[in-house]
Amino acid sequence: MRSSANADRVAARLRRRYAAEKRFRAYGVAAIIIALGFLTVLLASIIADGYTAFVQTEVRLSLDLDPSVIDPSGKRDRADLSSADYAAVVHNALLARFPEASDRAARRRLFRLISQGADLEVRKLVLADPSIIGSRREMWLPMAASVDQLIKGNMARAPEKGGQFSERELAWIDALQADGSLKTRFNKWLFTGGDSRQPELAGLWGAVVGSFYSLLVTLALSFPLGVATAVYLEEFASRNRWTDLIEVNINNLAAVPSIVFGLLGLEIFLNVFELPRSSPLVGGLVLTLVSLPTIIIAARVSLKAVPPWIREAALGLGASRLQMVTHHVLPLAMPGILTGTIIGMARAIGETAPLLMIGMVAFIVDVPATPLDPATALPVQVYLWAASPERAFIERTSAAILVLLCFLAAMNATAIYLRKHFERRW
Amino acid sequence: MSTTSDAYLRQDADAAAGMAKITAGDVNVHYGDKHALKGINLAIRANEVTALIGPSGCGKSTFLRCINRMNDLIEGARVTGLITLDRQDIYDRELDVVQLRARVGMVFQKPNPFPKSIYDNVAYGPRLHGLAHSTADLEEIVVTSLERAGLYDEVKDRLDEPGTGLSGGQQQRLCIARAIAVSPEVILMDEPCSALDPIATAKVEELIDELRENFTIVIVTHSMQQAARVSQRTAFFHLGELVEVGDTEQIFTNPQHKLTQGYITGRFG
Ligand SMILES: Nc1ncnc2c1ncn2[C@@H]1O[C@H](COP(=O)(O)OP(=O)(O)O)[C@@H](O)[C@H]1O
Ligand SMILES: [Mg+2]
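Line by line, the protein sequences give chains A and B. Following this note's numbering, the numbering of the first sequence begins with 56 at its first residue and continues without gaps. Following this note's numbering, the numbering of the second sequence begins with 95 at its first residue and continues without gaps.
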């Protein structure tokens, strides 16, 4: 009698435990689904906004490289050639295509359809090979951003729905499209150019190079500094009030808002040391401050994870402390340290605020050639484009975000690979 | 040399006869406030196995770690008194601790091969101390050490495989090979068999007996039988004090002290 009542109680308790476990699993699954949902929505909206920026509407024009327009002096002087009126060449080609645009107003409207930077493409071609002057060339040239947006369907045709084009302009565009002279092609400007006021010419390359130089400086400084600090604190320093104080402060530094490091950089690197403003060198120095605590903490954790008996074994054989560290502890901790470094770098590549403080937010057209040239960085470029009102910059903002995300994903994938590949079980 | 130890050396016949490889005179160890070893006087003879026995926490490992100064690494550990190796004070400021550890090897409780190849494990010490003048030299040292550790036949075909892939007993013998590759004079062993199964234990015990010919061995063990099997001298520690030391046979058959008697008959421990 008693034992059966007991068995009932046990069974009831078991049922409750199973139910609680099931509930807990359900909470977990729900949390993951919600998180994944947000992530999907975020990615989907960025991709939906941004994928069109990877193509650009171009027009095929038959250009008459007339020597009397390009090189009236006939001397083929490079300086003359680079300052020649290539816009006229482009405009003549358009007029040849649409001879009916004869009055000034019509011509201005016609010329407005093509990018103001189209002449630069012609110039590039001629400068690369001046012997083509005098011949006829067929070229694909970028259309103005407004035409691009119309073709991509981001702008309505009808003026009452926000369309910017008159009947006549629409007719020209339709005519070009009808005979296959108007196409969307891969947007090479996005990946080769610096920033520009013309959305169709604006590129990320300047920002990518700026980010690259900054990260190079950051890596070159924060990796050796971070590892040396971590090794000293973990393997050499004795634990006392000073090392405790240092440890607490490193942990605090990891939580300091990055804009504070930017202000520090502004004051020290720019005002005191007078390093060049807006340069990736200063950007890298500031990002070093941002990523150093992360790297130190990650390196210390990896060093701590090396079991103490490895150290005892080495010391017991007569290794000095330095030999113990360089022969055994550091190699074993390296995968973890590298992972931490990459995560620190990934944080640095996404930092915007501190770079704003040191002037990497300027409008810079040229791609930086050295870490001392003025530059922006990828996230700052996103910030700059996001502040531009043109519809064409909206899609480019999303495209820039996608490029940035790709960099981050690649870095994190490398970190995961390192962790998986070099992971050690004791 | 301090007076206590002089007195002690005079008193101990072995030490006086110069037979002692290692002597400890009034050795005290503190971990912070904790007095872990209290006035230890002990002479350890050359080419003998000396077993240190006693209940957990009585200071056996602490004493062992004094002999190769591994206690230096523990923060807050303080060693006083005199320990000599071949009549030389090992805590002398002039003495290089790296040199000392080349002369006094250690085998730990848990087999701790480096996560490297079997070859590199054994070659590490000789490389560190520049004992080999050529690759062939080094290879010879590695092979001889593995042979002396009774491991060579088992691993000769896979010297480049990781040492961590061996069985526990093999790993411990690899650690012994690694220690003897440096040609130490003394080998300290801290419960070297406590992580091993009985068969592996038997092999290691056999090995210890062979090694005695060339090395002075100090072994900490939890097992009375092991102490009886492998050692010639036994020292019994209790609560940080050396209660009794003597020939193993005498300690196990005719202990002088009540505590020793209690411990070896299993009344506590
Ligand atoms: N690193 C240490 N820090 C503080 N106390 C320690 C440390 N190592 C050992 N002790 C203490 O010293 C005493 C002796 O320890 P130990 O030599 O390891 O004993 P045994 O090896 O005989 O079991 C123990 O009470 C232990 O708690
Ligand atoms: Mg112990």
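Note that beta-carbon positions come from the ideal geometry of N, C-alpha and C, so glycine has one too.
Every unbroken alpha helix (DSSP H) inside the stretch 238-312 of chain A [4 residues or more]: DSSP runs (the alpha helix (DSSP H)) wholly in the stretch 238-312 of chain A: 243-247, 260-286 and 296-309.
If you run the structure through DSSP and keep just helix, strand and coil, what is residue 190/B? The three-state reading of DSSP puts residue 190/B in coil, since its state is none of H, G, I, E or B.
Please tell me whether, using a cut-off of 7 Å, the distance from the CB of residue 314/B to the nearest non-hydrogen atom of ligand 2 is below it. Correct: residue 314/B has its Cβ closer than 7 Å to ligand 2.
Using a Cβ-Cβ cutoff of 8 Å, what residues of the stretch 375-409 of chain A are near chain B? List them in chain order. Against chain B - using a Cβ distance shorter than 8 Å - the residues of the stretch 375-409 of chain A are 375, 378, 382, 383 and 387.
Under a three-way DSSP split, which group does residue 185/B fall into? Residue 185/B falls in the coil class under three-state DSSP.
Buried or exposed, going by whether 16 or more other CB atoms sit within 10 Å of the CB of residue 353/A? Taking all protein chains in view, the Cβ of residue 353/A is crowded by 16 or more other Cβ atoms within 10 Å, so the residue is classified as buried.
Would you say residue 162/B lies against chain A (beta-carbon separation less than 8 Å)? Under the 8 Å criterion on CB atoms, residue 162/B is classed as interfacial with respect to chain A.
Within its chain, find whatever has a CB closer than 7 Å to the CB of residue 101/A; leave out the 5 residues flanking it on each side and keep chain order. Answer for residue 101/A: 453, 456 and 457, listed in chain order.
Distance, Cα to Cα, residue 222/B vs residue 247/B? Near 26 Å, if we compare the C-alpha coordinates of residue 247/B and residue 222/B.
Pull up the CB-CB distance for residue 199/B and residue 278/B, whole angstroms please, since I reckon it's below 8 Å. The beta-carbon separation of residue 199/B and residue 278/B, rounded to 4 Å, stays under the 8 Å limit for a contact.
Which word fits residue 418/A, buried or exposed, when buried means at least 16 other C-beta atoms lie within 10 angstroms of its C-beta? Exposure of residue 418/A is indicated by the presence of fewer than 16 other C-beta atoms within 10 angstroms of its C-beta.
I need the straight-line Cα distance from residue 207/A to residue 170/A, nearest angstrom please. Going by the C-alpha atoms only, they are around 16 Å apart.
Since residue 433/A contacts residue 266/A with CB under 8 Å, what's their CB separation in whole angstroms? Contact annotation, residue 433/A with residue 266/A: C-beta distance approximately 5 Å; criterion of less than 8 Å satisfied.
Can you tell me whether residue 325/B is buried or exposed? The criterion is at least 16 other CB atoms within 10 Å of its CB, across all chains shown. With 16 or more other Cβ atoms within 10 Å, it is buried.
Chain A partners of residue 167/B, CB-CB under 7 Å? Ordered by position in chain A, the residues that pass the 7 Å Cβ test against residue 167/B are 370.
Could you check the C-alpha separation between residue 322/A and residue 415/A for me, to the nearest Å? Spanning the two alpha carbons is a distance of roughly 15 Å.
With a cut-off of 8 Å, does the C-beta of residue 259/B fall near any C-beta of chain A? Under the Cβ distance rule, residue 259/B does not count among the residues neighbouring chain A, no pair being separated by less than 8 Å.
Residues of chain B with a CB under 8 Å from the CB of residue 364/A: which are they? Listed along chain B, the residues sitting closer than 8 Å to residue 364/A by beta-carbon distance are 202, 204 and 206.
Three-state class that DSSP yields for residue 96/B in the structure shown: For residue 96/B, the pLDDT reaches just 42, beneath the cut-off of 50, and the residue's location in the model is therefore unreliable, although a value from the coordinates is still provided. Residue 96/B falls in the coil class under three-state DSSP.
Beta-carbon proximity list for residue 131/B, same chain, < 7 Å, skipping 5 on both sides: The answer, listed in chain order, is 121, 122, 123, 153, 156, 157 and 334.
Which ranges would you report for the alpha helix (DSSP H) in the stretch 217-276 of chain B if only whole runs of at least 4 residues count? Listed in chain order, the complete alpha helix (DSSP H) runs (minimum 4 residues) inside the stretch 217-276 of chain B are 229-242, 246-249 and 262-274.
Beta-ladder partner(s) of residue 121/A, from DSSP: Looking at the DSSP assignment, residue 121/A forms no beta bridge with any residue, so it has no partner.
Measure from the alpha carbon of residue 286/B to the alpha carbon of each residue in 303/B, 321/B and 201/B, then state which is nearest. Out of 303/B, 321/B and 201/B, 201/B has the C-alpha closest to the C-alpha of residue 286/B.
Just tell me which of 422/A, 197/A, 392/A and 360/A has its CA closest to the CA of residue 243/A. Taking only the C-alpha atoms, the option nearest residue 243/A is 197/A.
To the nearest angstrom, report how far apart residue 382/A and residue 366/A are at their CA atoms. Rounded to the nearest whole angstrom, the C-alpha separation of residue 382/A and residue 366/A is 10 Å.
Considering just the uninterrupted stretch of the alpha helix (DSSP H) at residue 438/A, what are its terminal residues? That run of the alpha helix (DSSP H) goes 433-441.
May I ask you to report which of helix, strand or coil DSSP gives residue 216/A? In this structure, residue 216/A counts as helix in the three-state DSSP scheme.
Cβ closer than 8 Å: which chain B residues qualify as neighbours of residue 100/A? Taking the beta carbon of residue 100/A as reference, no residue of chain B falls within 8 Å; the closest one sits roughly 47 Å away.
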